[in-house]
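This report concerns only the one structure given below.
2 protein chains.
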Amino acid sequence: MSKLGYRVAVVGATGAVGQQMLKTLERLEFPVASLLPLSSKRSAGKKVLFKGEELTVQEATPDSFENIELALFSAGGSVSKALAPEAVKRGAIVVDNTSAFRMDENIPLVVPEVNEQDLKEHQGIIANPNCSTIQMVVALEPIRKAFGLKRVMVSTYQAVSGAGAEAVDEMYNQSRQILNNEEINPEILPVGGDKKHYQIAYNAVPQIDLFQENGYTFEEMKMINETKKIMHDDSLQVAATCVRLPVETGHSESVYIEVEQDGVSVEEIKNLLQESQGITLQDDPKEQLYPLATDAAGKDDVFVGRIRHDLDNTKGFHMWVVADNLLKGAALNSVQIAFSLEKLGLLGK
Amino acid sequence: MSKLGYRVAVVGATGAVGQQMLKTLERLEFPVASLLPLSSKRSAGKKVLFKGEELTVQEATPDSFENIELALFSAGGSVSKALAPEAVKRGAIVVDNTSAFRMDENIPLVVPEVNEQDLKEHQGIIANPNCSTIQMVVALEPIRKAFGLKRVMVSTYQAVSGAGAEAVDEMYNQSRQILNNEEINPEILPVGGDKKHYQIAYNAVPQIDLFQENGYTFEEMKMINETKKIMHDDSLQVAATCVRLPVETGHSESVYIEVEQDGVSVEEIKNLLQESQGITLQDDPKEQLYPLATDAAGKDDVFVGRIRHDLDNTKGFHMWVVADNLLKGAALNSVQIAFSLEKLGLLGK
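Taken in sequence, the protein lines are chains A and B. Heads up, the first sequence is in the UniProt record's numbering, so the first residue is 1 and it goes up one at a time. Heads up, the second sequence is in the UniProt record's numbering, so the first residue is 1 and it goes up one at a time.
Written out as structure tokens, the structure reads:
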């Protein structure tokens with residue numbers, strides 16, 4: 001039996017994802033006995049709303065986690081690296097939405113629809129995957145389970161809210177300036193800390209996160225490595241090109257896959273996805289029905305459409321996968337992990 | 001020796017591409033003895049500028065082509081189907097920028113950097129390929145020639161100007177309305193004549209042109225079929241997913257290729273493209289140098305960057321290809337065909 005409620009902390013409670021975490025805990029009625037909103041020193045003192053109550057945000061320190069059972073982190077990798085182990089020391093389970101621990105082999109990287117059972121191996125910290133990875137593996141896991149998966153190739157169309165609230169403001173400000181024939185002055189995108197900044201309004205920028213030595217961006221490497229880890233298949237071939245677009249919320253992905261099994265039909269894949277948890281099939285070309293970022297924003301599911309056979313490879317399929325990057329891509333998946341922990345009896349022990 | 005100039009007609013002279021044709025003929029100093037701007041009945045009487053002179057647009061009829069040596073068509077497929085044969089009957093060579101004749105096996109489909117010699121087979125009409133095809137084959141032909149090409153997979157990021165001036169207006173109007181919290185009312189995109197219309201501002205729409213029975217859009221099938229025809233290789237594997245973005249001008253493409261030859265390096269490909277006609281290499285991740293639609297707009301070249309090895313397939317490479325869809329994708333390629341015709345002695349005979 002579950003308890004009446006858990007003592008929950010949200011680290012980064014004033015950020016875009018933190019705000020969605022509070023809303024999602026409330027909306028999905030996660031059993032919360034007490035909610036402690038934490039943040040950097042800079043945001044401490046701000047107010048946030050939870051279940052109609054105004055709560056004062058406190059600065060996150062190691063001692064903040066005394067008596068906390070569940071801590072949802074989304075305040076940047078350095079905060080997680082410093083404070084998540086402190087929270088665990090004090091008995092909390094941490095669900096971390098940064099990239100700090102994702103590739104640590106002792107830390108489960110979990111999308112409940114795909115690898116919920118990995119939670120049983122946790123040692124205090126559970127990592128929430130990258131937004132663009134989550135929606136893709138949700139769409140592909142039913143296919144992998146039924147027909148095997150050999151290869152994945154993705155080109156992304158990612159929303160600016162994935163880069164934070166300031167990036168959203170920058171996009172809309174640039175739009176307004178361009179419409180008014182004013183000068184623009186890019187300062188944030190594509191990557192806040194990088195050397196150069198480019199126009200995002202009315203543009204498509206093929207850089208998300210910093211470049212690695214191999215010519216891939218860190219975002220691309222996240223999609224490649226995290227997909228293999230979540231699916232427990234190091235031999236899975238994954239390739240990614242990640243592109244930032246002037247879209248507020250909702251990542252879209254052009255995904256090509258090759259299955260292991262021969263003779264799989266588009267109808268079989270559609271039927272499979274239609275019955276799968278967390279997926280809405282939107283696929284009727286005759287009616288111009290396909291997923292759109294503007295439709296997916298604000299919704300929990302991963303939307304899949306435009307499923308069609310490759311014209312050369314009988315084991316190859318193309319599809320279009322869209323989800324709200326702040327919800328399924330971040331806050332919702334973290335809260336789903338919390339529900340899974342509870343269901344598996346791993347919480348509040 | 002070339003003559004002092006040719007008697008040239010531009011059909012669709014008031015359209016977005018027609019306007020670029022006039023500007024490009026003038027800018028590249030194509031030898032024009034006389035310029036006849038033609039259009040539909042609706043636009044007849046309008047004025048256009050050519051070499052500082054105001055010319056009155058006339059309605060295009062079969063007799064308009066009496067004494068014309070070169071006719072550049074860009075007024076829609078039905079106009080080309082009706083009038084291009086009439087122009088040829090009267091002795092003109094037609095360069096047609098619509099999809100009307102592209103897949104006709106007796107009609108050359110030409111990108112001068114790739115298959116200029118095909119012009120020698122013409123029987124009066126030469127087809128200009130689809131915008132998204134042109135920039136891709138320009139980028140890939142040097143690689144194909146040097147190392148062989150087995151497979152091409154592309155996801156596009158296409159600008160609204162490819163759907164005409166009205167689509168550009170719709171995008172900017174929607175942007176303005178959304179910034180002002182006003183209702184939007186999509187009426188044109190994704191496809192003017194289709195049943196449903198969707199928001200393009202702050203969105204990514206995976207439909208360009210009408211859907212075919214096989215689940216692909218006509219735009220996707222154009223990229224697949226035209227690439228094989230231009231490269232004279234029916235066994236080339238080509239796959240495409242075409243997506244419309246809120247970008248005014250400049251198509252971007254995430255392209256994956258597999259070459260035939262073993263052991264090809266990224267450096268070899270970069271060196272090859274750097275020396276190739278019509279291509280500007282923009283590829284320095286350390287300096288965040290990669291092609292951007294906003295940079296390519298207004299320029300003649302095809303810009304290539306983000307070239308990197310696939311992490312699983314030693315013959316596989318990813319790259320990012322950007323060009324101005326109205327210039328190299330349409331008007332410039334048509335004018336380059338005219339120059340090639342002249343160079344090969346095929347014009348004004």
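All C-beta atoms in this analysis are idealised placements derived from N, C-alpha and C, irrespective of residue type, glycine included.
- Leaving aside the five residues that flank Glu69/A on each side, the residues in its chain whose CB is nearer than 8 Å to its CB run, in chain order, Tyr6, Arg7, Val8, Gly91, Ala92, Ile93, Leu347, Gly348.
- The beta carbon of Thr294/A sits closer than 8 Å to some beta carbon of chain B.
- Interface residue (Cβ-Cβ distance to chain A less than 8 Å): Ile224/B is classified as such.
- Selection Met231/B, Asn271/B, Leu236/B, Ile200/B evaluated against Val243/B yields Ile200/B as nearest (Cα-Cα).
- Taking the Cβ atoms as the reference, Val160/B lies roughly 6 Å from Glu248/B, within the contact range of under 8 Å.
- At a cut-off of 8 Å between C-beta atoms, Phe50/B does not count as an interface residue with respect to chain A.
- With a 10 Å radius around the Cβ and a threshold of 16 neighbouring Cβ atoms, Glu219/A comes out buried.
- Annotation: Leu327/A to Ile307/B spans about 33 Å, alpha carbon to alpha carbon.
- Neighbours of Lys195/B across chain A, judged by C-beta separation under 7 Å: Gln288.
- By the criterion of at least three beta-carbon pairs nearer than 8 Å, the region 260-271 of chain A is not in contact with the region 170-180 of chain A.
- For Leu189/B, the closest of Ala163/B, Asn173/B, Thr314/B by C-alpha to C-alpha distance is Ala163/B.
- Chain A has no Cβ within less than 8 Å of the Cβ of Phe218/B.
- Counting along the chain, Arg144/B sits inside the alpha helix (DSSP H) bounded by residues 131-147.
- With a minimum length of 4 residues, the unbroken runs of alpha helix (DSSP H) contained wholly in the region 172-236 of chain B fall at 218-230.
- Secondary structure note for Leu70/B: its beta strand (DSSP E) is the uninterrupted segment 70-73.
- Sixteen is the threshold: since fewer than 16 other Cβ atoms of the shown chains lie within 10 Å of the Cβ of His232/A, the residue is exposed.
- Approximately 11 Å separates the beta-carbon atoms of Ala13/B and Leu25/B; this is outside 8 Å, ruling out the contact.
- For Ala167/B, the nearest beta carbon of chain A is not closer than 8 Å to its own beta carbon.
- Chain-ordered, the chain A residues with CB closer than 7 Å to the CB of Val205/B read Leu292.
- Nearest C-alpha to Pro285/A among Gln158/B, Asn214/B, Tyr172/B: Asn214/B.
- For Gly278/A against Pro291/A, the beta-carbon gap comes to about 14 Å, at or over 8 Å, which does not count as contact.
- Membership of Leu281/A in the beta strand (DSSP E) is indicated by the continuous run 279-281.
- At a cut-off of 8 Å, the C-beta of His318/B has a neighbouring C-beta in chain A.
- DSSP, read as helix, strand or coil, puts Phe317/B in strand.
- Take the alpha-carbon of Gln123/A and the one of Gly18/A: they are about 23 Å apart.
- Glu342/B: not part of any beta strand (DSSP E); member of the alpha helix (DSSP H) spanning 332-343, first to last residue.
- From the beta-carbon of Gln237/B, the residues of chain A found nearer than 9 Å are Asp310, Leu311, Asp312, Asn313.
- The residue from Asp169/B, His318/B, Pro142/B with its alpha-carbon nearest to that of Tyr216/A is His318/B.
- Among the CB atoms of chain A, one or more fall inside 8 Å of the CB of Phe211/B.
- When beta bridges are read from the DSSP output, Phe50/A appears opposite Glu53/A.
- Between Arg151/A and Gln237/A, the C-beta spacing is below 8 Å.
- Around Glu121/B, the same chain offers Pro108 as residues with beta carbons nearer than 6 Å, after the five sequence neighbours per side are excluded.
- Within 10 angstroms of the beta-carbon of Asp104/B lie fewer than 16 other beta-carbons, which makes it exposed.
- Shortest Cα-Cα distance from Arg144/A to any of Ala330/A, Ala127/A, Ile257/A, Phe303/A involves Ile257/A.
- For Asp96/A, there is no enclosing alpha helix (DSSP H); the enclosing beta strand (DSSP E) has its first and last residue at 93-96.
- Under the three-state reduction of DSSP output, Ala60/A falls in the coil class, being neither helix nor strand.
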